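Student: In the numbering used here, the protein residues as written are 1 to 544.
Just so you know, even glycine gets a beta-carbon here, dropped at the ideal spot from N, CA and C.
The structure presented is a predicted model; accordingly, all values stated were derived computationally and were not measured.
Got a structure here, written out as structure tokens. Questions coming.
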Ligand code: VG1
Ligand code: CO
């Protein structure tokens, strides 16, 4: 039994976005659709002959079918060994870790991350390269180009692979299929980074937490690490069983989709700490008692306190944040005397900086934080670093955050999302904004006066690659900023994201409510972009 060559025709919509190819499940279910894209990925891997490839996904609807297809196609394309998470499951950070540990040429990670799942929900395919990180733009462009000219794909006949049993077997084509426990290597890595004894001591002393896995991939990881290894009480992890449709929920750990956690944390019998993670386990939400921590602040606090965890005791080399992320981390970098890099949105832009040792900690306003331990953002890592810091400082989340603001000042921050816009209207809005850039400086909106405005372009300091049109930035006198960009992860219509950032040092303004502090900036941003006139929307759908 060997490989079959199947004739196919290109699809014209297989262009990866911010993080892989994301479409509705029925799009992926079209005949040859998945195979075409997988073949285009495999074709992009130089040196795949005999090499190791990691395969796994977040367990959403269609995961198992595509895992089996990926194994069968790897076998027909000369891959020597595939490492597959049991049940076809791997969180994004765990996949990144396995790629690195096992010196794989890359990994195929099946996920649409925080997007909903189920038969009518979203599915996604991401490709990670040998450093464990998301394929850089040069690679995703090559994959897309290949998907436009593909004429055939290769697939082997794989009879009876049992994805649910850990162990190794050989395919008729000679490829080894190694099914591994998806949690084990990752949990061991976490033990090397953090002071597990101190965190376990915290739980023994009566500290309580809730971790909401949102019926997504992090359930088994969080249960193994928090409940079993660290001794957090049983029931600490809720919604811990991964389900193909995430139990009908939207696995995005933000104030809208994890509102119940915010409510829980404002009650009188609130636990000390609450956290959540997204569909594929790379995002995190942190809430203390009566204290939500915005992801941008979380990045800054983690960077300022990382030295309290064993892995970062020697200090950090630098910090990187995506451009729309607030400047809170910039103040920490300046204080530590380390560089701060500002990159376009998407974790793929951090890879070269991490590989070159220029930065240790990275983060995005979209609830992603991570370090050089893998090449992806890592939800549980952020939770464990927070717990390590809480244990070392013997202070609660709210106290730590308040001291942080008092020392560094506070960047009041919000992201306003306008979802499911007409794609043409959204593109028109961005074009008009771009065209208005030269005329913006000097104009006033209420008390805010525009100082400068540009379209963010990035030159990677390590490999010199260039990325343009990465978001419109409008800077106001006094240091406030509004940023506009269109989402690259949605699957229907367009989503406009408006990011608002205003820095305050005055103690009274630090304590003020972010919505009111940002109200004037929000109004200015809406006016500058003509949001109501162009989209008919008078308010955002989601504020995070
Ligand atoms: C969003 C976030 C971005 C993140 C990306 C993938 O992209 O804004 O910060 O890297 O999702 O995260 P966009 O293009 O929709 O703004 V995940 O957890 O979906 O892998
Ligand atoms: Co994700």
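(1) Can you name, in chain order, every residue of its own chain whose Cβ lies under 6 Å from the Cβ of residue 43, other than the five neighbours on each side?
(2) Please list, in chain order, all residues of the same chain as residue 459 whose beta carbon is under 7 Å from its beta carbon, the five residues on each side excluded.
(3) Look up residue 335 in the DSSP assignment and say whether it is helix, strand or coil.
(4) If we ignore side chains and look at the alpha-carbon of each, how far apart do residue 477 and residue 194 end up?
(5) Using 8 Å as the threshold, is the segment 337-354 in touch with the segment 132-150, meaning 3 or more CB pairs across them?
(6) What's the call for residue 1, buried or exposed, on a 16-neighbour Cβ count within 10 Å?
(7) Residue 147: beta carbon under 6 Å from a heavy atom of the ligand CO?
(8) Should the segment 100-114 be regarded as contacting the segment 156-164, the criterion being three or more beta carbon pairs within less than 8 Å?
(9) Can you check whether the CB of residue 419 is closer than 7 Å to the CB of residue 252?
(10) Assign residue 1 to one of three DSSP states: helix, strand, or coil.
(11) Going by other Cβ atoms of all chains shown within 10 Å of its Cβ, with 16 needed for buried, is residue 217 buried or exposed?
(12) In the DSSP output, which residue or residues are listed as bridge partners for residue 485?
(13) Which residues in the same chain as residue 295 place their Cβ atom closer than 6 Å to its Cβ, once the five residues preceding and following it in sequence are excluded?
(14) With DSSP as the reference, label residue 413 as helix, strand or coil.
(15) Ends of the alpha helix (DSSP H) at residue 354?
(16) Shortest alpha-carbon distance to residue 506 belongs to which of 522, 533, 427, 412?
(17) Could you work out which residue in 539, 18, 96, 36 is closest to residue 69 when comparing CA atoms only?
(18) Between residue 27 and residue 142, what straight-line distance do the alpha-carbon atoms span, to the nearest angstrom?
(19) Taking buried to mean at least 16 other C-beta atoms within 10 Å of its own C-beta, is residue 266 buried or exposed?
(20) Look up residue 467 in the DSSP assignment and give the residues it is bridged to.
(21) Put residue 209 into one of helix, strand or coil per three-state DSSP.
(22) Which residues does DSSP pair with residue 125 in a beta bridge?
(23) Any heavy atom of the ligand VG1 inside 6 Å of the beta-carbon of residue 488?
(24) Could you please give the first and the last residue of the uninterrupted alpha helix (DSSP H) stretch that includes residue 219?
(25) To the nearest angstrom, how far is the alpha carbon of residue 9 from that of residue 520?
(26) Rank 481, 470, 461 by C-alpha distance to the C-alpha of residue 441 and give the top, closest one.
(27) Taking only the alpha-carbon atoms, compute the straight-line gap between residue 422 and residue 494 and give it to the nearest angstrom.
(28) For the ligand CO, is there a heavy atom less than 6 Å away from the beta-carbon of residue 283?
(29) Since residue 154 is in the beta strand (DSSP E), which residue starts that stretch and which ends it?
(30) Expressed to the nearest angstrom, what Euclidean distance is found between the alpha-carbon atoms of residue 155 and residue 168?
(31) May I ask you to check if the CB of residue 113 is nearer than 6 Å to at least one heavy atom of the ligand CO?
(32) So the alpha helix (DSSP H) residue 138 belongs to, where does it begin and stop?
(33) Run through DSSP, which three-state label would residue 274 get?
(34) Name the one or two DSSP bridge partners that residue 57 has.
(35) Indicate, with yes or no, if the ligand CO has a heavy atom lying under 6 Å from the CB of residue 513.
(36) With a threshold of 6 Å (Cβ to nearest heavy atom), would residue 376 be considered close to the ligand VG1?
Tutor: Walking through what the data contain:
(1) These residues qualify, in order along the chain: 146.
(2) Contacts found: 466.
(3) Looking at residue 335 - three-state DSSP - the assignment turns out to be helix.
(4) Rounded to whole angstroms, the gap between the alpha carbons of residue 477 and residue 194 is 42 Å.
(5) Flag = yes, the segment 337-354 and the segment 132-150 touch.
(6) Below a pLDDT of 50, predicted positions are generally treated as unreliable, and residue 1, at 48, falls in that range; the measurement from the model is reported next regardless. Using a 10 angstroms sphere on the CB of residue 1, the tally of other CB atoms stays under 16, which defines it as exposed.
(7) Not under cutoff, so the answer is no.
(8) Segments in contact, no.
(9) No, these two residues do not count as a Cβ contact at 7 Å.
(10) A caution first: residue 1 carries a pLDDT of 48, below 50, which makes its placement in the model unreliable, though a value can still be read off. Residue state, collapsed to three classes: coil.
(11) So residue 217 ends up on the buried side.
(12) Note: residue 485 is bridge-paired with 497 in the DSSP secondary-structure output.
(13) Cβ within range, chain order: 365, 367.
(14) DSSP places residue 413 in strand when its eight states are reduced to three.
(15) Counting along the chain, the alpha helix (DSSP H) containing residue 354 begins and ends at 351-355.
(16) The shortest Cα separation from residue 506 among 522, 533, 427, 412 belongs to 412.
(17) Among 539, 18, 96, 36, the Cα nearest to that of residue 69 is on 36.
(18) Using only the alpha carbons, I get a separation of about 22 Å.
(19) It is exposed - the Cβ of residue 266 has fewer than 16 other Cβ atoms within 10 Å.
(20) Bridge partners of residue 467: 458.
(21) DSSP places residue 209 in strand when its eight states are reduced to three.
(22) Answer by DSSP bridge pairing, in chain order: 21, 110.
(23) Answer for residue 488: yes, Cβ within range of the ligand VG1.
(24) For residue 219, the uninterrupted alpha helix (DSSP H) segment begins and ends at 218-222.
(25) Looking at the two C-alpha atoms, the distance is approximately 52 Å.
(26) Of 481, 470, 461, the residue nearest in Cα terms is 481.
(27) Straight across, the Cα-Cα distance linking residue 422 with residue 494 is about 6 Å.
(28) For residue 283, the Cβ falls inside the 6 Å cut-off from some heavy atom of the ligand CO.
(29) Per DSSP, residue 154 belongs to the beta strand (DSSP E) from 152-156.
(30) The C-alpha of residue 168 is placed about 20 Å away from the C-alpha of residue 155.
(31) Yes, the beta carbon of residue 113 sits closer than 6 Å to at least one heavy atom of the ligand CO.
(32) Bounds of the alpha helix (DSSP H) holding residue 138 are 137-149.
(33) Residue state for residue 274 is assigned as strand, using DSSP reduced to three classes.
(34) BP columns for residue 57 point to 89, 110.
(35) The answer is no for residue 513.
(36) Checking the Cβ of residue 376 against the ligand VG1 gives no.
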